[in-house]
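The numbering used here applies: residue 555 is where the sequence shown begins, and numbers increase by one.
Think of the CB as a built atom: it goes at the ideal place given N, C-alpha and C, for glycine as much as any other residue.
What follows is a single structure, written as structure tokens, with notes after it.
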Amino acid sequence: MSVVRLSQYYMPTLKETPGDAEIISHQLLLRAGFMRKTASGIYSLLPLGWRVVQKIEQIVREEMDALDAQEMRLPIIQPEEMWRESGRWDAYGPELMRLKDRHERGWCLGPTHEEIISALIATDIKSYKQLPFALYQMNTKFRDEIRPRFGLLRGREFLMKDCYSFHADEADLGAYYELQAQAYGRICDRMGIDWRRVEADSGQIGGKVTAEFHAIADAGESDIVYCACDYAADIDTLPEEGDARNVCPKCGTSLQRARGIEIGQVFQVGAQYSETMGVSFADVDGAEHPPLMGCYGWGITRSLAAAIEQHNDEYGMKWPAAIAPYQVCLIGIGKDEEVATALETYAAELDQAGIEVVIDDRNERPGTKFADADLVGWPYQVVVGSRGLKNGTVEVKERMSGEKVELPLADVVAYLGEKLKG
Numbered sequence: 555m556s557v558v559r560l561s562q563y564y565m566p567t568l569k570e571t572p573g574d575a576e577i578i579s580h581q582l583l584l585r586a587g588f589m590r591k592t593a594s595g596i597y598s599l600l601p602l603g604w605r606v607v608q609k610i611e612q613i614v615r616e617e618m619d620a621l622d623a624q625e626m627r628l629p630i631i632q633p634e635e636m637w638r639e640s641g642r643w644d645a646y647g648p649e650l651m652r653l654k655d656r657h658e659r660g661w662c663l664g665p666t667h668e669e670i671i672s673a674l675i676a677t678d679i680k681s682y683k684q685l686p687f688a689l690y691q692m693n694t695k696f697r698d699e700i701r702p703r704f705g706l707l708r709g710r711e712f713l714m715k716d717c718y719s720f721h722a723d724e725a726d727l728g729a730y731y732e733l734q735a736q737a738y739g740r741i742c743d744r745m746g747i748d749w750r751r752v753e754a755d756s757g758q759i760g761g762k763v764t765a766e767f768h769a770i771a772d773a774g775e776s777d778i779v780y781c782a783c784d785y786a787a788d789i790d791t792l793p794e795e796g797d798a799r800n801v802c803p804k805c806g807t808s809l810q811r812a813r814g815i816e817i818g819q820v821f822q823v824g825a826q827y828s829e830t831m832g833v834s835f836a837d838v839d840g841a842e843h844p845p846l847m848g849c850y851g852w853g854i855t856r857s858l859a860a861a862i863e864q865h866n867d868e869y870g871m872k873w874p875a876a877i878a879p880y881q882v883c884l885i886g887i888g889k890d891e892e893v894a895t896a897l898e899t900y901a902a903e904l905d906q907a908g909i910e911v912v913i914d915d916r917n918e919r920p921g922t923k924f925a926d927a928d929l930v931g932w933p934y935q936v937v938v939g940s941r942g943l944k945n946g947t948v949e950v951k952e953r954m955s956g957e958k959v960e961l962p963l964a965d966v967v968a969y970l971g972e973k974l975k976g
């Protein structure tokens, strides 16, 4: 790791909220210099925003690798004939971004990759001995939204993890599907997201068994009901008659209602794509069968926005430490040499301890530095000033709780290391 100095860092903050930013995550990501709008529904991720994306990707990668899924990269642009073969070229609807090349051949920019992964493995999978396996990628996806809105929550271009597993029988598919669902719960927990696993509809992906993972937030576009027994469902999938929308079908207690942001979904797709794309394997007796597929999608940029929707206040973002762009911001108050030296000493010690640290060494007033620190949402702010140094102390503020403590100079690194453990 290395120490970042904000005087040299590209972090263009805004004093005013852009007029077209409707929800808090959209507003704060623009104001704090995490992203900039390129066109409707399309955003450039700046260094701070990209740091958070990389943190989320690493959490997702670790959980996928733990399930023996293998990372790869598939093309963004996909040929029309593959989508016609699966039957989705027309069925997917106007959200599919279509284009033609100079030879008038049709293509699409992939919103998902079931067709291309099925065509990829079709020539290579011959025997039951090659199953099961899972492949995943983290890649840019596209959807021609009729009305892009809410920043990263409903855009035309977004980052997603998509994983595809292939199995010889339904029992094996079902077992792996549940492992993926459990991994999604761990991803939410590691990101610090309050979440629910929701019974849902499979939509354009297909299959009869599916579940969505929702972050509870007022900005959510889904209306969900849930219970303490872990039952949850999208209210649109429930019948309107009787107590279906008020009483839990599992335990009989009253259901609670909330808005949810969908950040992930798992599917048991079965043989749908294998059959249409001509994928088959020979079983132990030599009989040919289509492999059964599971699909598992996770919204990288959507979950970034969802985390902000859950963790903010009137001053700015409040990042969970696991996905914060950096964990600690050292704020120097005063221009004397003693403060500058203390900042460099603390930064070096924190860096050596494996703690990600930035120094706010900008030529700005203290009020501006404090306001920006709250806006960006560094998990911990360490204020190093002339007066405190004379008393042998510094002030440490935890952004999530707002708690401030005054610590002896010698205790700061150990204190932060303990707070950030795990």
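The alpha carbon of G705 has as its nearest neighbour, out of W873, G573, I909 and A896, the alpha carbon of G573. Residue environment for Y850: buried (at least 16 other C-beta atoms within 10 angstroms of its C-beta).
In this structure, I596 sits away from I862, with a CB-CB distance that is not shorter than 8 Å.
Positions of the alpha helix (DSSP H) runs, each at least 4 residues long and wholly inside the segment 616–659, are given as 634–640 and 642–645 in order along the chain.
Under the DSSP assignment, A765 falls in the beta strand (DSSP E) whose first and last residues are V763 to I770. One Cα belongs to T947, the other to D915, and the distance between them is close to 19 Å. In the structure shown, W873 falls within a coil segment according to DSSP collapsed to helix, strand and coil. A direct Cα-to-Cα measurement between G888 and T922 gives close to 13 Å. Between P845 and F924, the C-beta spacing is not below 8 Å. Excluding five sequence positions before and after V614, the CB atoms of its chain that fall closer than 8 Å to its own CB belong to M692, K715, I741, W852 and I854, given in chain order. Judged by DSSP in its simplified three-state form, E668 adopts helix.
A check of alpha carbon separations from A786 across E753, G603, I885 and G814 identifies E753 as the nearest. Within the DSSP secondary-structure output, N866 pairs in a beta bridge with M871.
Excluding five sequence positions before and after H667, the CB atoms of its chain that fall closer than 7 Å to its own CB belong to L628 and D716, given in chain order. Assigned with DSSP and collapsed to three states, Q881 falls in coil, not helix or strand. In this structure, D797 keeps its C-beta atom at 8 Å or more from the C-beta atom of I789. Where I578 is concerned, the enclosing alpha helix (DSSP H) starts and stops at I578 to R585. One thing to note: L707 has its Cβ within 8 Å of the Cβ of A859.
The three-state secondary structure of K958, taken from DSSP, is strand. Apart from the 5 residues on each side of it in sequence, V967 sits with its Cβ closer than 7 Å to the Cβ of E903, L904 and A907 in its chain, given in chain order. For P566, same chain residues with a beta-carbon under 6 Å away, outside a window of 5 residues either side, are G587 in chain order.
In the three-state scheme derived from DSSP, where H, G and I count as helix and E and B as strand, W661 is classed as strand. Leaving aside the five residues that flank P601 on each side, the residues in its chain whose CB is nearer than 6 Å to its CB run, in chain order, Y564. Looking from the CA of G774, the closest CA among R559, S561 and E576 belongs to E576. Rounded to whole angstroms, the Cβ separation of V882 and L970 is 6 Å, and the two are in contact under 8 Å. In this structure, M847 keeps its C-beta atom at 8 Å or more from the C-beta atom of S834. If the five residues before and after E669 are omitted, its C-beta is found closer than 8 Å to the C-beta atoms of Q632, M636, W637, E639, S640, R642, Y827 and M831, all from its own chain and listed in chain order. CA-to-CA, the gap between L650 and I700 works out to about 11 Å. Judged by DSSP secondary structure, A907 falls outside any beta strand (DSSP E); it is assigned neither H nor E. Cβ contact annotation for E892 (same chain, cutoff 7 Å, sequence separation greater than five): S940 and L943, in chain order. Around the beta-carbon of A673, 16 or more other beta-carbon atoms lie within 10 Å, marking it buried. Here A765 is buried. Its C-beta has 16 or more other C-beta atoms within 10 Å. With respect to G709, H768 sits apart: the two C-beta atoms are not nearer than 8 Å.
Residue pairing by DSSP puts A688 in a beta bridge opposite S719. Straight-line spacing of the CA atoms in V911 and D748 works out to 27 Å. If the five residues before and after D926 are omitted, its C-beta is found closer than 7 Å to the C-beta atoms of T567, all from its own chain and listed in chain order.
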